[in-house]
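Chemist: Quick one: this structure, given as structure tokens, is what I'll be asking you about.
Number of protein chains: 2
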Amino acid sequence: MTKTKQIPISGFPEFLPSEQIVFAQVMDIIRDGFERYGFSPIETPAVERKEVLISKGGNEKEIYTLSRLAAEKGEDPNTDLALHFDLTVPLARYVAQHKNMLTFPFRRYQIQKVWRGERAQAGRSREFYQCDIDVIGRNSLSLLTDAEIPSIIYQIFREMKIGPFVIRINNRKILQGYFQSLDIPMTLMTEVMRVIDKLEKIGTEKVVHELMGMGLEEATAQKMMAFLGSLGTELNTDEMLSQLTSMTEINAQFSEGVKELSVVIDGIRALGLPEAFFQIDLRIARGLDYYTGTVYETILVDHPNLGSICSGGRYDELASLFTDDKLPGVGISIGVTRLVQQLMADGLLKVGAATVAPVLVTAMDENRTGDYLRLGTELRNAGIATEVYLEKARLGNQLKYANKKGFKLAIIAGEDEFLRNAVQIKDLVIGEQIECAITDLVQEVQKRL
Amino acid sequence: MTKTKQIPISGFPEFLPSEQIVFAQVMDIIRDGFERYGFSPIETPAVERKEVLISKGGNEKEIYTLSRLAAEKGEDPNTDLALHFDLTVPLARYVAQHKNMLTFPFRRYQIQKVWRGERAQAGRSREFYQCDIDVIGRNSLSLLTDAEIPSIIYQIFREMKIGPFVIRINNRKILQGYFQSLDIPMTLMTEVMRVIDKLEKIGTEKVVHELMGMGLEEATAQKMMAFLGSLGTELNTDEMLSQLTSMTEINAQFSEGVKELSVVIDGIRALGLPEAFFQIDLRIARGLDYYTGTVYETILVDHPNLGSICSGGRYDELASLFTDDKLPGVGISIGVTRLVQQLMADGLLKVGAATVAPVLVTAMDENRTGDYLRLGTELRNAGIATEVYLEKARLGNQLKYANKKGFKLAIIAGEDEFLRNAVQIKDLVIGEQIECAITDLVQEVQKRL
Numbered sequence: 000m001t002k003t004k005q006i007p008i009s010g011f012p013e014f015l016p017s018e019q020i021v022f023a024q025v026m027d028i029i030r031d032g033f034e035r036y037g038f039s040p041i042e043t044p045a046v047e048r049k050e051v052l053i054s055k056g057g058n059e060k061e062i063y064t065l066s067r068l069a070a071e072k073g074e075d076p077n078t079d080l081a082l083h084f085d086l087t088v089p090l091a092r093y094v095a096q097h098k099n100m101l102t103f104p105f106r107r108y109q110i111q112k113v114w115r116g117e118r119a120q121a122g123r124s125r126e127f128y129q130c131d132i133d134v135i136g137r138n139s140l141s142l143l144t145d146a147e148i149p150s151i152i153y154q155i156f157r158e159m160k161i162g163p164f165v166i167r168i169n170n171r172k173i174l175q176g177y178f179q180s181l182d183i184p185m186t187l188m189t190e191v192m193r194v195i196d197k198l199e200k201i202g203t204e205k206v207v208h209e210l211m212g213m214g215l216e217e218a219t220a221q222k223m224m225a226f227l228g229s230l231g232t233e234l235n236t237d238e239m240l241s242q243l244t245s246m247t248e249i250n251a252q253f254s255e256g257v258k259e260l261s262v263v264i265d266g267i268r269a270l271g272l273p274e275a276f277f278q279i280d281l282r283i284a285r286g287l288d289y290y291t292g293t294v295y296e297t298i299l300v301d302h303p304n305l306g307s308i309c310s311g312g313r314y315d316e317l318a319s320l321f322t323d324d325k326l327p328g329v330g331i332s333i334g335v336t337r338l339v340q341q342l343m344a345d346g347l348l349k350v351g352a353a354t355v356a357p358v359l360v361t362a363m364d365e366n367r368t369g370d371y372l373r374l375g376t377e378l379r380n381a382g383i384a385t386e387v388y389l390e391k392a393r394l395g396n397q398l399k400y401a402n403k404k405g406f407k408l409a410i411i412a413g414e415d416e417f418l419r420n421a422v423q424i425k426d427l428v429i430g431e432q433i434e435c436a437i438t439d440l441v442q443e444v445q446k447r448l
Numbered sequence: 000m001t002k003t004k005q006i007p008i009s010g011f012p013e014f015l016p017s018e019q020i021v022f023a024q025v026m027d028i029i030r031d032g033f034e035r036y037g038f039s040p041i042e043t044p045a046v047e048r049k050e051v052l053i054s055k056g057g058n059e060k061e062i063y064t065l066s067r068l069a070a071e072k073g074e075d076p077n078t079d080l081a082l083h084f085d086l087t088v089p090l091a092r093y094v095a096q097h098k099n100m101l102t103f104p105f106r107r108y109q110i111q112k113v114w115r116g117e118r119a120q121a122g123r124s125r126e127f128y129q130c131d132i133d134v135i136g137r138n139s140l141s142l143l144t145d146a147e148i149p150s151i152i153y154q155i156f157r158e159m160k161i162g163p164f165v166i167r168i169n170n171r172k173i174l175q176g177y178f179q180s181l182d183i184p185m186t187l188m189t190e191v192m193r194v195i196d197k198l199e200k201i202g203t204e205k206v207v208h209e210l211m212g213m214g215l216e217e218a219t220a221q222k223m224m225a226f227l228g229s230l231g232t233e234l235n236t237d238e239m240l241s242q243l244t245s246m247t248e249i250n251a252q253f254s255e256g257v258k259e260l261s262v263v264i265d266g267i268r269a270l271g272l273p274e275a276f277f278q279i280d281l282r283i284a285r286g287l288d289y290y291t292g293t294v295y296e297t298i299l300v301d302h303p304n305l306g307s308i309c310s311g312g313r314y315d316e317l318a319s320l321f322t323d324d325k326l327p328g329v330g331i332s333i334g335v336t337r338l339v340q341q342l343m344a345d346g347l348l349k350v351g352a353a354t355v356a357p358v359l360v361t362a363m364d365e366n367r368t369g370d371y372l373r374l375g376t377e378l379r380n381a382g383i384a385t386e387v388y389l390e391k392a393r394l395g396n397q398l399k400y401a402n403k404k405g406f407k408l409a410i411i412a413g414e415d416e417f418l419r420n421a422v423q424i425k426d427l428v429i430g431e432q433i434e435c436a437i438t439d440l441v442q443e444v445q446k447r448l
């Protein structure tokens, strides 16, 4: 019989159990961090109507549509459905659709797969998990929400224990106000922001070159670089704020941006975020035209090559395509699949056991099967995840199995032990083995985990 | 501007936050139950190659394929990918593909959405979550694994607190052996099993009618009904086993089924599953031809109308389409989306708060913003999920917000309280309000949650 061949599908990552366990731990930290701040979960279907997804425009090539492989007779195999490519368009649709059932400010998190039908590239998947939080106001939304976001980022990445990181903060109104003062036309603004956002990656020279290619004078481009350069990284937060404040006569837009940034920094400090973990960085522009105020990026200090591991910002209008209500919001997104892949590849997240259970009850004596099963039940009833070895195999092979999967403890007992109402607890990490009374088993195991 | 209209997509369920919280709690119970027994997580992509999915045959109408909405120039918008319709075909492909990296017996759980492109019907979704566990052996797999499965089902549904339930157990070899002894041809066996499986739903008369429609003699059909009827529900487990054991001269197939069932029942008892929660039921046949030995269904005693809430069984060959290795397995599946929808509709799962955080810190005095934020940080650092009210609003409106979302406690403090280094803790459930020193806040809140 011909076997169907198994070739990995490029761009659709799949983990081995030991990797999946690490991934699940990261997901738990993220979810717990979101919930700690009172964000509630929602999920939207994997699909939206095509018209909803293309309403943003410009991303048709990314979108996967659904057809039925074999439709009923007389039925169109094509559907009007397509897989979502992010969680923002679905959020906008969700809020517009259910707004009368939601309480505002609406704080939600959403952890789901998204799909991008582009050609697969290194580090780019066609399927990946996004972890998003957003707070959506009705008509208005306090800047304190912008201040709260970095403390959530801080909590999550601190718990991941992946080394020092910095949350870089900017306000697009500052950039936009400054650029306007240089007479850069509004029609170029989105494109200018996109170029500025590449500054750290491609350097001043190339950015100047690209700006001139867009029709900007060299002097203007150089002025922009001087502004972003001097204020880029050399000053600490208070120096930066006082420098920016001294420039607020530039125009109202700039001045508003500086005021917003000050409120946000005050809030961040009140929330207890240590100074080392945040930084004003005027180079953070974010590529999307979507953002209107505060913007964030997060960099691992020792691994800047990984790029931003968590980004987002403030936007004035979430759902103007779907409703006349004014729905301002602020949010961030973690592209967790790529992040975990990179952290595992760089050894910042260690891949270990292929089992979530720390304890294996081995089985030496077939006549004592019932006892082994009972030991497993006893441990589980005490909340200790436990596997009982159920196959027939020599103890040596069972211990090989235990080591291969990465159990921490093996419980071993034969007729001799049972006659003494005892078992052996073997610590598979340090190799030590002790005997303990069955009545003390749970307590002894708990002590060793 | 024309707004894109929001019409729910039939068959793609979407929950409000208060419902999603209940759903997430159920998912956590299921996941925790699986992990307690040492099942490790895996995830497969939402898609498989079309050829993999249709290799089972007969379900083309269910399958959604993917196309790109707008392909690159000269590129085919059609892909060879399609959404998975269950988690068993992906598991078979996964095990075949990664078998050299896996440790056998391979114990995995998988909690993912699946998609079925059929016409939406009441109670049938096109998108839903499945929660599966399977243990896959290499060449062989102990019957003790079959015994362990019901104790996992027991733990999960007991923790859900949805009332009494019974796990019904059978072994298809018993049915097959008995039917063979009545000279029912093997070619009809799958179809006969499918009809028998409807016995409880449509009754003896209709089943006899359908069996006769397949060409069976009325006397044969009546004999089958007598066998299934007398042994169906009237006898307790031991009576049933002894009755079946007395019949083992029927043939080798029947005899083997009875022997397997006895071993499984012994194991179930050793694992501590109370007698009230399991039952041998010969009417459990399972529609799929896939199963070869033990089969399970789980019924809520007070809500039999919900049908089986968790089903599965033993199969001889997981992945024969993909590999020559013999990979027997046993597993179960919970169709959790439909289950939770039904349990919520029937009031067995109560929908409550729209927040996962129990505590809201209200904000009365703008000059004290920093203090409110600090209170929030203090509670969160103690592991208490807390939202700080960040908008400007009168206290009355903040408490309305708190009640609407279902917070348990509101922390209230104005200038007076802060001068006394104190806050008010208002219990929003019982209405009681106490004052406490800020230094005691965490402790007092913990006491009240």
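Respectively, the protein sequence lines represent chains A and B. Just so we're aligned: the first sequence equals residues 0 to 448 in numbering that gives the first Met the number 0. Just so we're aligned: the second sequence equals residues 0 to 448 in numbering that gives the first Met the number 0. A virtual CB, placed ideally from N, CA and C, is assigned to each residue, including glycine.
Give me the Cα-Cα distance between A:Asn402 and A:Thr3, rounded to the nearest whole angstrom.
Modeler: Here residue 402 of chain A is taken as the residue at index 403 of the first sequence, counted from 1. Here residue 3 of chain A is taken as the residue at index 4 of the first sequence, counted from 1. Cα-Cα distance, rounded: 33 Å.
Chemist: Kindly list, in the order they appear in chain A, the residues whose Cβ is closer than 8 Å to that of B:Ser141.
Modeler: As a first step, residue 141 of chain B must be located in the second sequence, where it is residue number 142. Here the neighbours are Leu389, Glu390 and Lys391.
Chemist: Can you tell me whether DSSP reads B:Met0 as helix, strand or coil?
Modeler: Taking the first residue of the second sequence as 1, we reach residue 0 of chain B at position 1. Annotation note: pLDDT 49 at B:Met0 (below 50); position unreliable, no value reported.
Chemist: In whole angstroms, give me the CA-to-CA distance for A:Ile135 and B:Leu234.
Modeler: As a first step, residue 135 of chain A is located in the first sequence; it is residue number 136 there, counting from the start. As a first step, residue 234 of chain B is located in the second sequence; it is residue number 235 there, counting from the start. Approximately 60 Å between the Cα atoms of the pair.
Chemist: Look at the alpha carbon of A:Arg137 and the alpha carbon of A:Pro327, and state the distance between them as a whole number of angstroms.
Modeler: As a working mapping, residue 137 of chain A is identified with position 138 in the first sequence. As a working mapping, residue 327 of chain A is identified with position 328 in the first sequence. So the alpha carbons of these two residues sit roughly 7 Å apart.
Chemist: Quick check: A:Phe277 and A:Ile173, are their CB atoms within less than 8 Å of each other?
Modeler: Here residue 277 of chain A corresponds to residue number 278 of the first sequence, with the count starting at 1. Here residue 173 of chain A corresponds to residue number 174 of the first sequence, with the count starting at 1. Between A:Phe277 and A:Ile173, the C-beta gap is not smaller than 8 Å, which leaves the two residues out of contact.
Chemist: Scan the stretch 159 to 202 of chain B and note each continuous beta strand (DSSP E) run of 3 residues or more that stays entirely inside, going in chain order.
Modeler: The stretch 159 to 202 of chain B contains these whole beta strand (DSSP E) runs: 164 to 170.
Chemist: Measure the Cβ-Cβ separation of A:Val360 and A:Gly375 and say whether it is below 8 Å.
Modeler: As a working mapping, residue 360 of chain A is identified with position 361 in the first sequence. As a working mapping, residue 375 of chain A is identified with position 376 in the first sequence. Against a cut-off of 8 Å, the Cβ pair of A:Gly375 and A:Val360 comes out as a contact.
Chemist: Using the Cα positions of A:Ala218 and A:Asn170, report the straight-line distance between them to the nearest angstrom.
Modeler: Taking the first residue of the first sequence as position 1, residue 218 of chain A is located at position 219. Taking the first residue of the first sequence as position 1, residue 170 of chain A is located at position 171. Distance between the alpha carbons of A:Ala218 and A:Asn170 is about 24 Å.
Chemist: Compute the distance between the beta-carbons of A:Lys407 and A:Leu427, then report whether it is under 8 Å.
Modeler: If you number the first sequence from 1, residue 407 of chain A lands on position 408. If you number the first sequence from 1, residue 427 of chain A lands on position 428. Yes, the pair counts as a contact, with Cβ atoms nearer than the cut-off.
Chemist: What in chain B is Cβ-close to A:Met159, meaning under 8 Å?
Modeler: Residue 159 of chain A sits at position 160 when you count from the first residue of the first sequence. Ordered by position in chain B, no residue passes the 8 Å Cβ test against A:Met159, which lies about 17 Å from the chain.
Chemist: Take the Cβ of A:Glu50 as the centre, count every other Cβ of all protein chains shown within 10 Å, and call the residue buried at 16 or more, exposed below.
Modeler: Within the first sequence, the letter at position 51 stands for residue 50 of chain A. That one is exposed.
Chemist: Who pairs with B:Glu296 in a beta bridge, going by DSSP?
Modeler: In the second sequence, residue 296 of chain B corresponds to position 297, counting from 1. According to DSSP, which records beta bridges pairwise, B:Glu296 is partnered with B:Arg167.
Chemist: Between the alpha carbons of B:Ser124 and B:Arg67, how many angstroms are there, rounded?
Modeler: On the second sequence, position 125 is the one that residue 124 of chain B refers to. On the second sequence, position 68 is the one that residue 67 of chain B refers to. Approximately 24 Å between the Cα atoms of the pair.
Chemist: Looking at the secondary structure, which residues open and close the beta strand (DSSP E) in which B:Thr64 lies?
Modeler: Start at 1 with the first residue of the second sequence, and residue 64 of chain B comes out as number 65. Here the beta strand (DSSP E) through B:Thr64 covers Tyr63 to Arg67.
Chemist: Go through its chain and collect everything with a Cβ distance to B:Val350's Cβ below 7 Å, but skip five positions before and after it.
Modeler: Here residue 350 of chain B corresponds to residue number 351 of the second sequence, with the count starting at 1. So the list reads Ser17, Glu18, Val21 and Met343, once near-sequence residues are dropped.
Chemist: Please classify B:Ala449 as buried or exposed, where buried requires at least 16 neighbouring CB atoms within 10 angstroms.
Modeler: The displayed coordinates of chain B run from 0 to 448. Any statement about residue 449 of chain B would go beyond what the structure contains.
Chemist: Go to B:Leu234, then tell me how far its alpha helix (DSSP H) extends in each direction, as first and last residue.
Modeler: As a working mapping, residue 234 of chain B is identified with position 235 in the second sequence. Secondary structure note for B:Leu234: it is in no alpha helix (DSSP H), with a DSSP letter that is neither H nor E.
Chemist: Since A:Pro40 sits in a beta bridge, which residues does DSSP pair it with?
Modeler: Along the first sequence, read from residue 1 onward, the residue named residue 40 of chain A stands at position 41. According to DSSP, A:Pro40 bridges with A:Tyr108.
Chemist: Using only the alpha-carbon positions, how far apart do B:Ile424 and B:Glu431 sit?
Modeler: Position 425 of the second sequence holds residue 424 of chain B. Position 432 of the second sequence holds residue 431 of chain B. When rounded, the distance between both Cα atoms is 8 Å.
Chemist: Cβ closer than 7 Å: which chain B residues qualify as neighbours of A:Ser54?
Modeler: Here residue 54 of chain A refers to the residue found at position 55 when the first sequence is read from its first residue. Ordered by position in chain B, the residues that pass the 7 Å Cβ test against A:Ser54 are Thr3.
Chemist: Taking the straight line between their C-alpha atoms, what separation do you get for A:Met0 and A:Leu305?
Modeler: Walking along the first sequence from the start, residue 0 of chain A turns up at place 1. Walking along the first sequence from the start, residue 305 of chain A turns up at place 306. Residue placement at A:Met0 cannot be trusted, given a pLDDT of 49 that sits under 50; what the coordinates show is reported in the next sentence. The alpha-carbon atoms of A:Met0 and A:Leu305 are separated by roughly 46 Å.
Chemist: Taking the alpha helix (DSSP H) that A:Asn396 falls in, what are its first and last residues?
Modeler: One-based indexing of the first sequence puts residue 396 of chain A at position 397. That run of the alpha helix (DSSP H) goes Leu394 to Lys404.
Chemist: Take B:Val257 and list the residues in its own chain whose beta-carbon comes closer than 7 Å to its own, dropping the five residues that flank it on each side.
Modeler: As a working note, residue 257 of chain B is residue 258 in the second sequence. The residues are Ile173, Leu243, Thr244 and Thr247.
Chemist: Anything in chain B within Cβ reach of A:Lys404, meaning under 7 Å, just list it in chain order.
Modeler: Locating residue 404 of chain A in the first sequence gives position 405, counting from the first residue. Ordered by position in chain B, the residues that pass the 7 Å Cβ test against A:Lys404 are Thr102.
Chemist: Could you give the DSSP three-state label for A:Val113: helix, strand or coil?
Modeler: Within the first sequence, residue 113 of chain A is the residue found at index 114, counting from 1. If DSSP states are grouped into helix, strand and coil, A:Val113 belongs with the strands.
Chemist: Measure the beta-carbon distance from A:Leu80 to A:Val113 and round it to whole angstroms, keeping in mind my assumption that it falls under 8 Å.
Modeler: Taking the first residue of the first sequence as position 1, residue 80 of chain A is located at position 81. Taking the first residue of the first sequence as position 1, residue 113 of chain A is located at position 114. Not really, about 15 Å apart at Cβ, beyond 8 Å.
Chemist: Would a check of beta-carbon distances place B:Thr385 closer than 8 Å to chain A?
Modeler: Looking up residue 385 of chain B in the second sequence gives position 386. Yes, its Cβ sits closer than 8 Å to a Cβ of chain A.
Chemist: What are the start and end residues of each continuous beta strand (DSSP E) run of 3 or more residues lying completely inside the stretch 246 to 286 of chain B, in chain order?
Modeler: 277 to 279
Chemist: From A:Val165, A:Gly405 and A:Gly116, pick the residue whose C-alpha is nearest to that of A:Leu65; which is it?
Modeler: Counting from 1 along the first sequence, the entry for residue 65 of chain A is found at position 66. Ranking the options by Cα distance to A:Leu65, first place goes to A:Gly116.
Chemist: Thinking just about the alpha-carbon of each residue, which of B:Ile168, B:Asp182, B:Tyr290 and B:Val339 is nearest to the one in B:Asp265?
Modeler: Your numbering for residue 265 of chain B matches position 266 in the second sequence. Considering only alpha carbons, the answer is B:Ile168.
Chemist: Please list, in chain order, the chain B residues whose beta carbon lies closer than 7 Å to that of A:Val51.
Modeler: The residue given as residue 51 of chain A occupies position 52 in the first sequence. By Cβ distance, chain B contributes Thr3.
Chemist: In chain A, which residues lie less than 9 Å from B:Ile62 when you measure between Cβ atoms?
Modeler: Taking the first residue of the second sequence as 1, we reach residue 62 of chain B at position 63. Within 9 Å Cβ-Cβ: Arg67, Leu68 and Ala69.
Chemist: Hey, is the stretch 139 to 157 of chain A in contact with the stretch 272 to 286 of chain A, meaning 3+ C-beta pairs nearer than 8 Å?
Modeler: yes
Chemist: In terms of residue numbering, what span does the alpha helix (DSSP H) encompassing A:Asp415 cover?
Modeler: Stepping through the first sequence from its first residue, residue 415 of chain A is reached at position 416. That run of the alpha helix (DSSP H) goes Glu414 to Leu418.
Chemist: Since B:Cys435 sits in a beta bridge, which residues does DSSP pair it with?
Modeler: For this step, residue 435 of chain B is matched to residue 436 along the second sequence. Per DSSP, B:Val422.
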